[in-house]
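Counted from 1, the sequence shown has number 199 at position 151 by my numbering; the numbering is strictly sequential. Think of the CB as a built atom: it goes at the ideal place given N, C-alpha and C, for glycine as much as any other residue. In this text, all values refer to a predicted model and were calculated from it rather than measured experimentally. Below is one structure, written out as structure tokens, with a few remarks after it.
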Amino acid sequence: MAGLYYALNKYGTLSWGEVLDPAIKLAEDGFVVPHDLSSVLSNYKKRLTANEATAKAYYKANKETYSAGEVIKLPDLAWSLKELKKVGPDAFYKGKIAEKIVAEMQLNGGLITAKDLANYKVKERLPVQGTFKGYEIVSMPPSSSGGVHLIQMLNMLEPFSLKEMGFGSAQSIHLMSEVMKRAYADRSKYLGDTDFVSVPLKGLTDKEYAKALLKEIFLKKSDPI
């Protein structure tokens, strides 16, 4: 939340309230449930209804799933957004929202404390960069693992034409799986918050490293990692 507020103040043209108002209206007045949301709520019903708060928020009174085309209202979310509009990000880290987060953590054996929330600080870091078939890739740096391994995977995929393989073909799915296995193995081994661990960013996003990993990939068989 603090990061969004920071980015809005630095790069945005609208006020905090102007940004939040449409979301508050949708949460309060309701919105039409699309097919994909209805499907997600159906697939995760057992997990989400195990918690009283999420069951109340995302399902009907009898825990029935909302169908596509029906209207869902999120009054608790509307309340939270109004608090954020009134108080600012501190509502999330030190105010009433923080109190609710901590209470829920204590109730369910969570790890986040009031001190953790209050100590949260925004850090602006340089993005990671790479190239793919003539395009420049700019993405999130650690502590997020997404940007590093997006570039790593694209480096491995660069010599191939997924278009020629065909969308959803066995060959393209196999190649993607093998590429992702290696990127996720590296994520588990190397990635973390650079304030606390050393992350070999240049090595992981280097095209020569991608070539070395490609030597382990066979298009006709799977190789366990």
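Verify the CB distance criterion: does Ser220 have a CB-CB separation below 8 Å to chain D? Absent from the structure: chain D. Only one protein chain is present.
Would you call the CB atoms of Leu249 and Asp234 closer than 8 Å? For Leu249 and Asp234, no; Cβs fall outside 8 Å.
Suppose only complete runs of 4+ residues qualify. What are the alpha helix (DSSP H) ranges in the stretch 121-197, listed by chain order? Entirely contained in the stretch 121-197, the alpha helix (DSSP H) runs reaching 4 residues are, in chain order, 123-135, 138-141, 144-155 and 162-166.
Mind checking Ile145: buried by the 16 CB within 10 Å criterion, or exposed? In this structure Ile145 is buried. Its beta-carbon is surrounded by 16 or more other beta-carbon atoms within 10 angstroms.
Going by the CB atoms, is the gap between Leu239 and Val227 shorter than 8 Å? No, the pair does not count as a contact, with Cβ atoms beyond the cut-off.
For Tyr59 and Val81, which I take to be in contact (beta-carbon distance under 8 Å), what is that distance rounded to the nearest angstrom? About 32 Å separates the beta carbon of Tyr59 from that of Val81, a gap too long to meet the 8 Å contact definition.
How would you write the range of the alpha helix (DSSP H) that Ala50 sits in, first residue to last? Taken as a continuous stretch (DSSP letters only), the alpha helix (DSSP H) holding Ala50 covers Ala50 to Tyr59.
Just how far apart, CA to CA, sit Lys111 and Asn99? Whole-angstrom Cα-Cα distance: 11 Å.
Given Ala105, which residues of its chain have a CB within under 7 Å of its CB, disregarding the five upstream and five downstream residues? Once the five neighbours on either side are set aside, the close Cβ partners of Ala105 are Leu122 and Asp124.
Measure how close the beta-carbons of Asp138 and Pro190 come, nearest whole angstrom, since I'm counting them as under 8 Å. Here Asp138 is actually not in contact with Pro190; their C-beta atoms are around 27 Å apart, not less than 8 Å.
Going by the DSSP bridge assignment, what does Lys269 pair with across the sheet? Looking at the DSSP output, Lys269 sits in a beta bridge with Phe266.
Could you tell me which residues DSSP puts in a beta bridge with Phe79? DSSP lists Ile120 as partners of Phe79.
Straight-line gap, Ser236 to Lys148 (C-alpha atoms, nearest Å): Taking the straight line joining both Cα atoms gives about 32 Å.
Taking three-plus beta-carbon pairs below 8 Å as touching, is the stretch 70-88 in contact with the stretch 200-210? Contact fails: fewer than three Cβ-Cβ distances are below 8 Å.
Taking DSSP as the reference, what is the three-state secondary structure of Ala109? Coil, per DSSP.
Taking C-beta to C-beta, are Ile199 and Ser217 nearer than 8 Å? Against a cut-off of 8 Å, the Cβ pair of Ser217 and Ile199 comes out as no contact.
Ignoring anything shorter than 4 residues, give me the alpha helix (DSSP H) runs that lie fully in the stretch 196-243, in order along the chain. Within the stretch 196-243, the complete alpha helix (DSSP H) runs of at least 4 residues are 210-213 and 218-238.
What residue range does the alpha helix (DSSP H) around Leu252 cover? DSSP places Leu252 inside the alpha helix (DSSP H), whose first and last residues are Leu249 to Leu252.
To the nearest angstrom, report how far apart Ser275 and Lys269 are at their CA atoms. No information on residue 275 is available, as it lies outside the stretch 49 to 273 that the chain covers here.
Let me know the secondary structure DSSP gives Tyr257 once reduced to three states. Helix, per DSSP.
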